[in-house]
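All remarks here apply to the structure that follows.
In my numbering, the protein residues as written are 6 to 310.
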């Protein structure tokens, strides 16, 4: 089971060539994790891509109706899934390997009563200057957060309860296929009393969705690829310290002490802890460049029970 962020792969999403090159690099790195013929599930982030869609919607709002956030997530699952599936198939062909690769639009059930809906904390989309932020707040009613680069929209980030298409994903992986699923944490949906489903305006954390899927699949390992080589204490300070190994007990204590930012490394550590405690296997947190070294025990952070 592999999870990786949109920023880690595509920090400049406006340039398609760059996206393709980074997808190719990721595909090559992935084969350090996969045994030949082994099935796998991949969960990708979509932050920059959703930001692009929001910019496009804002630029064309006088001509076209806006999309809801759940539809934006589904849209990015299709575009990113296509790029990755194509790149992975090419990497397989270069190795003379025959293996099915597919991308699936994936829904994730959340609780409509989740406290996150009354306390939006997840920033999405571009940064707006003060005057535009005031106009957007009046027109759309969005909660906004001030950042050093401007104002950003805040949305709810409820916890994932169930991957709706989990049986299909598990069946594909058990047959040795590579499935790109749960992109952006999955399209957030809630189930009504009559059994019907509806999308909600929210963003589910992709790493928590990846941990949920990894446990359902009984995956032998969860690898979380981000844009830093390891988990650090005092990150960004002159005395920052990389953690090559982290017990789940120590990780929980550090999470309670808010050592890891809730919007970045915090969910990754929490996801690794959930998987390691539930499955008894190790979880790895590193970046693409240090993946080979991490698998040899030289880089990255291994989280274990």
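Beta carbons are placed, not taken as given, at the ideal position from N, Cα and C, and that holds for glycine.
For residue i, the nearest candidate out of the options (CA to CA)
i           : options               : result
residue 166 : 220, 134 and 126      : 220
residue 84  : 54, 103, 99 and 106   : 54
residue 177 : 132, 140, 46 and 280  : 46
residue 38  : 257, 256 and 226      : 226
residue 305 : 273, 283 and 282      : 273
residue 106 : 99, 98, 100 and 93    : 93
residue 278 : 262, 258, 268 and 266 : 258
residue 78  : 51, 41 and 260        : 51
residue 328 : 242, 281, 241 and 243 : Any answer about residue 328 is impossible in this case: the structure gives the chain only from 6 up to 310.
residue 98  : 32, 109 and 82        : 32
residue 283 : 242, 307, 253 and 173 : 253
residue 56  : 26, 189 and 240       : 189
residue 40  : 87, 100 and 25        : 100
residue 76  : 86, 192 and 91        : 192
residue 86  : 302, 24 and 205       : 24
residue 175 : 201, 154 and 109      : 109
Residue i versus residue j: straight-line alpha-carbon distance, rounded
i           : j           : result
residue 229 : residue 289 : 6 Å
residue 136 : residue 36  : 48 Å
residue 128 : residue 169 : 25 Å
residue 250 : residue 235 : 10 Å
residue 299 : residue 144 : 48 Å
residue 199 : residue 118 : 17 Å
residue 212 : residue 70  : 31 Å
residue 49  : residue 186 : 8 Å
residue 123 : residue 276 : 23 Å
residue 42  : residue 104 : 7 Å
residue 261 : residue 28  : 35 Å
residue 163 : residue 64  : 29 Å
residue 231 : residue 8   : 8 Å
residue 172 : residue 44  : 14 Å
residue 222 : residue 243 : 40 Å
residue 269 : residue 240 : 11 Å
residue 266 : residue 131 : 20 Å
residue 26  : residue 210 : 25 Å
residue 68  : residue 60  : 14 Å
residue 74  : residue 205 : 7 Å
residue 140 : residue 66  : 14 Å
Contact set for residue i: own chain, Cβ-Cβ below 8 Å, skip 5 residues either direction
i          : result
residue 72 : 58, 62 and 80
residue 96 : 29, 32, 33, 35 and 36
Close beta carbons around residue i, own chain, < 7 Å, minus the five adjacent residues each side
i           : result
residue 238 : 245, 246, 248 and 264
residue 34  : 293 and 296
residue 233 : 292
residue 159 : 125, 126, 127, 128, 148, 149 and 150
residue 142 : 149
residue 203 : 194, 195 and 197
residue 11  : 49, 50, 51, 52, 53 and 54
residue 303 : none
Beta-carbon proximity list for residue i, same chain, < 6 Å, skipping 5 on both sides
i           : result
residue 224 : 6
residue 156 : 133, 138 and 149
residue 161 : 121, 122, 125 and 207
residue 309 : 281 and 287
C-beta neighbour in chain B for residue i, strict 7 Å
i          : result
residue 96 : Included in the structure is just one protein chain, with no chain B present.
**Request:** Mind listing, in chain order, the continuous beta strand (DSSP E) runs of no fewer than 3 residues lying wholly within the region 84 to 146?
**Result:** Complete beta strand (DSSP E) runs here, min 3: 106 to 108, 112 to 114 and 127 to 133.
**Prompt:** Should the region 102 to 120 be called in touch with the region 207 to 219, which here means at least 3 C-beta pairs below 8 Å?
**Reply:** Because the criterion of three Cβ pairs below 8 Å is met, the region 102 to 120 and the region 207 to 219 touch.
**Complete beta strand (DSSP E) runs within the region 217 to 241 (minimum length 3 residues, chain order)** = Note on the region 217 to 241: whole beta strand (DSSP E) runs with a minimum of 3 residues are 227 to 231, in chain order.
**Prompt:** Is the region 181 to 195 close to the region 145 to 156, with three or more CB pairs under 8 Å?
**Reply:** Segments in contact, no.
**Asked** What are the uninterrupted segments assigned as alpha helix (DSSP H) that are 4 or more residues long and contained completely in the region 172 to 219, given in chain order?
**Response** Segments of the alpha helix (DSSP H) lying fully in the region 172 to 219: there are none.
**Continuous alpha helix (DSSP H) assignments of at least 4 residues falling wholly in the region 274 to 310** = If only uninterrupted alpha helix (DSSP H) runs of at least 4 residues are considered, those enclosed by the region 274 to 310 are 296 to 300.
**Message:** I'd like the ranges of any beta strand (DSSP E) spanning at least 3 consecutive residues and lying wholly in the region 20 to 52.
**Reply:** Scanning the region 20 to 52 for uninterrupted beta strand (DSSP E) segments of 3 residues or longer gives 45 to 49, listed from N- to C-terminal end.
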